[in-house]
Amino acid sequence: MHFYVILYLMNKTHLTKTRFSNLELSDSIIKSLNQAGYIDCTPIQDKTLPLSLRGKDIAGQAQTGTGKTAAFLLATFQHLINDESETIKNPRALILAPTRELAIQIHKDALLLGKLLKFKYALIYGGTDYKKQQDSLKGDVDIVIGTPGRVIDFQRQNILNLNNIQVTVMDEADRMFDLGFIKDIRYLLRQMPEPEKRLNLLFSATLSYKVTELAYEHMNNPELVKIEQEEVTSKAITQSAFCPANDQKIPLLLGLLKKHQPERAIVFVNTKRCAEQLEGYLVANGHKVAVLSGDVPQDKRQRLLNDFQENRVNLMIATDVAARGLHIAAVSHVINYDLPQDAADYVHRIGRTARFGTTGVAFSFICEDYAYSMPDIEDYIGDKILVSTITDELLETEINPPAKRAPRQSTYQGKKPQSANRKPYKPRDKKQFNQPAIKKAVDTNPSTVKAASTTESPQ
Numbered sequence: 006m007h008f009y010v011i012l013y014l015m016n017k018t019h020l021t022k023t024r025f026s027n028l029e030l031s032d033s034i035i036k037s038l039n040q041a042g043y044i045d046c047t048p049i050q051d052k053t054l055p056l057s058l059r060g061k062d063i064a065g066q067a068q069t070g071t072g073k074t075a076a077f078l079l080a081t082f083q084h085l086i087n088d089e090s091e092t093i094k095n096p097r098a099l100i101l102a103p104t105r106e107l108a109i110q111i112h113k114d115a116l117l118l119g120k121l122l123k124f125k126y127a128l129i130y131g132g133t134d135y136k137k138q139q140d141s142l143k144g145d146v147d148i149v150i151g152t153p154g155r156v157i158d159f160q161r162q163n164i165l166n167l168n169n170i171q172v173t174v175m176d177e178a179d180r181m182f183d184l185g186f187i188k189d190i191r192y193l194l195r196q197m198p199e200p201e202k203r204l205n206l207l208f209s210a211t212l213s214y215k216v217t218e219l220a221y222e223h224m225n226n227p228e229l230v231k232i233e234q235e236e237v238t239s240k241a242i243t244q245s246a247f248c249p250a251n252d253q254k255i256p257l258l259l260g261l262l263k264k265h266q267p268e269r270a271i272v273f274v275n276t277k278r279c280a281e282q283l284e285g286y287l288v289a290n291g292h293k294v295a296v297l298s299g300d301v302p303q304d305k306r307q308r309l310l311n312d313f314q315e316n317r318v319n320l321m322i323a324t325d326v327a328a329r330g331l332h333i334a335a336v337s338h339v340i341n342y343d344l345p346q347d348a349a350d351y352v353h354r355i356g357r358t359a360r361f362g363t364t365g366v367a368f369s370f371i372c373e374d375y376a377y378s379m380p381d382i383e384d385y386i387g388d389k390i391l392v393s394t395i396t397d398e399l400l401e402t403e404i405n406p407p408a409k410r411a412p413r414q415s416t417y418q419g420k421k422p423q424s425a426n427r428k429p430y431k432p433r434d435k436k437q438f439n440q441p442a443i444k445k446a447v448d449t450n451p452s453t454v455k456a457a458s459t460t461e462s463p464q
């Protein structure tokens, strides 16, 4: 088994001259794409769809925000439409994503791009809605979209049958390795029909040795398609940095927000504690803020993301849990309030802006605590980041302090506990502690106090 390598550079317009209408897509798919405003292909779509639409396995590499999701969804739709077997057994396609946020986004894109199709979907991921997700698999589901852990859970309980899978998609395969899912992925692939009997699509921001090895083992002669930009970071992102002292970070952040009035911005921090402190200052100074960190329950996390996407909140504070897998349109600014400690995370963070051919701005604070990260970041991206001067005009001077948290109030509404009716404690008379036996024991050996106190006093 070997790879055929196809290597192209991303063009400056982000789009090619190839139209979806010129590809071997059904009329219902073309109509759905037109309604969604999809006319021209991105490079990854242009180079993979002609192959995958004819049943060729693909291992594709392209940066986040270049149209990978549409590339594998359209191939999946067409492959299932082409199935002319008389007895269709579902589910017929499985799309695996490393995070629940990415799985949710893929599901949304599937509903949009397949609006006029009659496919039924099941969205399954860990952390919430177990019974609801279980019930969704009982119907005649065509396409399952989910995270590896929850998919395995349902498969082992015989709730999800993978014996009839015709299309397998692995999105962000490099992230699967980072999160330790690779054993789960291999287990699931072994539960499906042989690679020759299904269409296999793998997409990743990087095609490392481990990822290509996975493709070699579990795909059918895949073609390796790489869409690379000339730089690690997009030219569409204007990058700059400031060197504030720690006590200047809040005034500088408020000043930048006041000056630039971002349409939608993400402020990245390194710790949950910093996120909470920053939230207090921003809320006190009139900003509507959502905080996204690793321990936010899934229901609340999705509610916060919806508020952000629908402009009820235009400022999100996030730890690196949000750096990958989130596809949020019109993020105009990314601010690294804390520099990331891993250089690769810098690229993922600022990649939340300038998506799908738009432009964006990225500010980074080179502060006292994380300044050591900047040389590694510049080496990683192969470029120097312009350091701007902090002027007096940039520092906000009128800053409201965070509101003090109200003390927690008891919600107990019943009778007073018995302890509330007890008389106050009254210490015993000190004379009781001057018994000769105890005093003598203390004088000679303090460790015998307990023993002496249990004996009777001499007559």
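Take the sequence shown: its letters are residues 6 to 464, numbered as in the numbering used here. No residue lacks a Cβ here, since even glycine has one placed at the ideal position from N, Cα and C.
When only Cα atoms are considered, residue 374 and residue 322 end up about 19 Å apart. Considering only 300, 194, 183 and 368, the residue with the shortest C-alpha distance to residue 394 is 368.
For residue 298, the three-state secondary structure derived from DSSP is coil. Under the criterion of beta carbons closer than 8 Å, residue 294 and residue 320 qualify as touching, at roughly 5 Å. DSSP, reduced to helix, strand and coil, places residue 251 within a helical segment of the structure shown. Between the beta-carbon of residue 70 and that of residue 49 there is about 11 Å, and that puts the pair past the 8 Å contact cut.
Per DSSP, residue 341 is one residue of the beta strand (DSSP E) stretching across 338 to 341. Per DSSP, reduced to three states, the secondary structure at residue 383 is helical. Assigned with DSSP and collapsed to three states, residue 67 falls in coil, not helix or strand.
Every alpha helix (DSSP H) of 4 residues or more that sits fully in the segment 29 to 69 is shown, in chain order, as 32 to 41 and 48 to 57.
Buried is the label assigned to residue 219, since at least 16 other Cβ atoms lie within 10 Å of its Cβ. Three or more beta-carbon pairs separated by less than 8 Å link the segment 191 to 210 to the segment 158 to 174, which places the two stretches in contact. Spanning the alpha carbons of residue 256 and residue 360 requires a straight line of approximately 29 Å.
According to DSSP, residue 99 shares a beta bridge with 149 and 173. Two segments are said to touch when three or more pairs of C-beta atoms, one from each, lie closer than 8 Å; by this definition the segment 97 to 114 touches the segment 124 to 132.
With 16 or more neighbouring CB atoms inside 10 Å of its own CB, residue 365 falls in the buried class. In this structure residue 84 does not touch residue 229 by the C-beta definition: roughly 20 Å separates them, more than the 8 Å allowed. Distance from the CA atom of residue 371 to the CA atom of residue 343, rounded to whole angstroms, is 8 Å. Within 10 angstroms of the beta-carbon of residue 278 lie fewer than 16 other beta-carbons, which makes it exposed. Bridge partners of residue 368 according to DSSP: 245 and 340. Following the DSSP letters along the chain, one finds residue 318 in no alpha helix (DSSP H), marked with neither H nor E. If you compare the alpha carbons of 61, 87 and 19 with that of residue 34, the shortest gap goes to 87. When C-beta atoms of the segment 105 to 119 are compared with those of the segment 182 to 191, fewer than three pairs fall below 8 Å, so the two segments do not count as touching. Scanning 112, 67 and 38 for the CA closest to the CA of residue 231 turns up 67.
Rounded to the nearest whole angstrom, the C-alpha separation of residue 26 and residue 266 is 39 Å.
When C-beta atoms of the segment 241 to 255 are compared with those of the segment 304 to 314, fewer than three pairs fall below 8 Å, so the two segments do not count as touching. In this structure, DSSP gives residue 392 an extended state, which the three-state scheme calls strand. Judged by DSSP secondary structure, residue 288 falls within the alpha helix (DSSP H) whose first and last residues are 277 to 289.
DSSP, reduced to helix, strand and coil, places residue 124 outside both helices and strands of the structure shown, so it counts as coil. Residue 248 and residue 380 have their C-alpha atoms spaced approximately 14 Å apart.
Annotation for residue 270: the continuous beta strand (DSSP E) segment containing it runs 270 to 273.
Considering only 154, 409, 134 and 158, the residue with the shortest C-alpha distance to residue 282 is 409. Distance from residue 117 to residue 178 at the Cβ level is roughly 24 Å; contact not present, criterion being Cβ atoms closer than 8 Å.
A direct Cα-Cα distance of roughly 6 Å separates residue 406 from residue 286. The distance from the Cβ of residue 113 to that of residue 146 is about 17 Å, inconsistent with a contact at the 8 Å cut-off. Look at residue 205 here: in three-state DSSP terms it is strand.
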